[in-house]
Ligand SMILES: Nc1ncnc2c1ncn2[C@@H]1O[C@H](COP(=O)(O)OP(=O)(O)OP(=O)(O)O)[C@@H](O)[C@H]1O
Ligand SMILES: [Mg+2]
């Protein structure tokens with residue numbers, strides 16, 4: 035039997051409150067390298083809160099969050115930014131592309147602070163755009179792209195540095211079903227190439243095609259179809275074993 039892949043996300047007893055709103059109420063979840071999973075649940079159930087905490091965009095009120103083996107509570111904001119930049123790509127429902135900027139530059143700007151020269155940044159951006167099937171749209175601005183194409187530009191930007199973890203919050207929410215299907219296929223391809231992919235979706239058809247489904251309700255995980263270890267938090271590996 036092969037050893038299970040090491041966890042890239044570990045949440046143990048994670049809660050998040052905003053004032054008197056309990057958005058998450060003790061979530062336990064282990065995601066291992068190479069997984070592709072859907073997070074589903076009603077509006078307001080805490081899905082985005084959970085994804086933002088996994089993405090280190092937000093800190094939990096209580097509980098433990100370990101990303102790629104690092105306990106985020108022990109990291110300064112600066113260390114957290116470095117971990118995020120090197121480990122996590124984000125895709126959102128709204129594509130967040132600056133108007134008037136050609137696709138190639140939108141993507142290349144993701145490497146602005148990488149210390150790489152402009153020519154290299156643009157070369158890597160072109161490769162990423164080809165990877166998402168947009169080699170023929172390098173110089174199109176957002177208003178000249180379809181919704182599905184805009185989302186593919188956003189995905190190219192998210193995977194530019196080849197992060198091991200890709201977090202997508204309703205990536206097909208603003209798309210028609212055909213463009214949505216293309217985006218999901220693309221996420222599946224990235225997964226097959228080794229990226230761990232977490233997708234929040236309202237679409238039950240999409241969720242049911244993915245290998246693992248985590249259902250969130252009222253700030254709790256009410257069902258987990260199971261990853262390699264069934265998502266059992268008792269199987270959290272000790273930190274010294276992770277590295
Ligand atoms: N910054 C915030 N301040 C106050 N309350 C918040 C904040 N962010 C989220 N909430 C509340 O926390 C709860 C969970 O929100 P969250 O955005 O995680 O839900 P969601 O499952 O992603 O919903 P949707 O499917 O509509 O996107 C909601 O009741 C929401 O109103
Ligand atoms: Mg949400």
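Residue numbers (the working numbering): 35 to 277.
Here a beta-carbon is modelled for each residue, glycine too, at the ideal position from N, C-alpha and C.
Coarse secondary structure for residue i, derived from DSSP in three states
i	result
residue 211	helix
residue 270	Annotation note: pLDDT 48 at residue 270 (below 50); position unreliable, no value reported.
residue 221	helix
residue 139	helix
residue 104	strand
residue 55	strand
residue 177	helix
residue 131	coil
residue 244	coil
residue 202	strand
residue 47	strand
residue 69	coil
residue 62	strand
residue 249	strand
residue 277	No answer about residue 277 holds up, because its pLDDT of 38 lies below 50 and its placement is not dependable.
residue 262	At residue 262 the pLDDT is 49, less than 50, meaning the model places this residue with poor confidence and gives no usable figure here.
Inter-residue spacing [alpha-carbon to alpha-carbon] between residue i and residue j
i	j	result
residue 190	residue 85	20 Å
residue 255	residue 153	46 Å
residue 265	residue 65	Confidence is the limiting factor: at residue 265 the pLDDT is only 46, short of 50, which leaves the residue's position unreliable and the question unanswerable from this model.
residue 41	residue 182	31 Å
residue 197	residue 55	33 Å
residue 224	residue 135	25 Å
residue 262	residue 246	Caution is warranted here: a pLDDT of 49 is assigned to residue 262, below 50, making its placement in the model unreliable, and the coordinate value is therefore given only provisionally. About 9 Å.
residue 208	residue 53	30 Å
residue 104	residue 110	12 Å
residue 107	residue 50	14 Å
residue 87	residue 213	28 Å
residue 57	residue 199	23 Å
residue 139	residue 155	9 Å
residue 258	residue 83	18 Å
residue 102	residue 39	12 Å
residue 178	residue 238	31 Å
residue 226	residue 167	16 Å
N- and C-terminal bounds of the alpha helix (DSSP H) containing residue i
i	result
residue 190	181-192
residue 121	111-121
residue 95	No alpha helix (DSSP H) contains residue 95, which DSSP labels as neither H nor E.
residue 85	81-88
Bounding residues of the beta strand (DSSP E) (the contiguous stretch that carries residue i)
i	result
residue 154	No beta strand (DSSP E) contains residue 154, which is instead part of the alpha helix (DSSP H) from 152-165.
residue 230	230-234
residue 168	Counting along the chain, residue 168 falls outside any beta strand (DSSP E), and DSSP gives it neither H nor E.
residue 254	254-258
Assumed close pair residue i, residue j - CB separation to whole angstroms, cut-off 8 Å
i	j	result
residue 159	residue 132	Not really, about 14 Å apart at Cβ, beyond 8 Å.
residue 80	residue 118	With a Cβ gap of about 21 Å, residue 80 and residue 118 do not count as contacting.
residue 194	residue 114	Rounded, the Cβ-Cβ distance is 20 Å, inconsistent with contact.
residue 228	residue 68	6 Å
residue 218	residue 240	6 Å
**Request:** Pair every Cβ in the region 167-182 with every Cβ in the region 90-100, then say whether three or more of these pairs are closer than 8 Å.
**Result:** Taking a cut-off of 8 Å for Cβ pairs, the region 167-182 and the region 90-100 do not touch, as fewer than three such pairs fall below it.
**Asked** Between the region 74-90 and the region 244-256, do three or more beta carbon pairs fall short of 8 Å?
**Response** Judged by Cβ distances under 8 Å, the region 74-90 makes contact with the region 244-256, as three or more pairs qualify.
**Prompt:** Between the region 219-237 and the region 193-210, do at least 3 Cβ pairs fall closer than 8 Å?
**Reply:** Counting Cβ pairs under 8 Å, three or more are found: they touch.
**Asked** At a cut of 8 Å, does the region 119-127 reach the region 182-189 through at least three beta carbon pairs?
**Response** Cβ pair count under 8 Å is three or more, so yes.
**Message:** Assess contact between the region 61-68 and the region 45-53, defined as three or more Cβ pairs (one per stretch) separated by less than 8 Å. Is contact present?
**Reply:** Touching, per the Cβ criterion.
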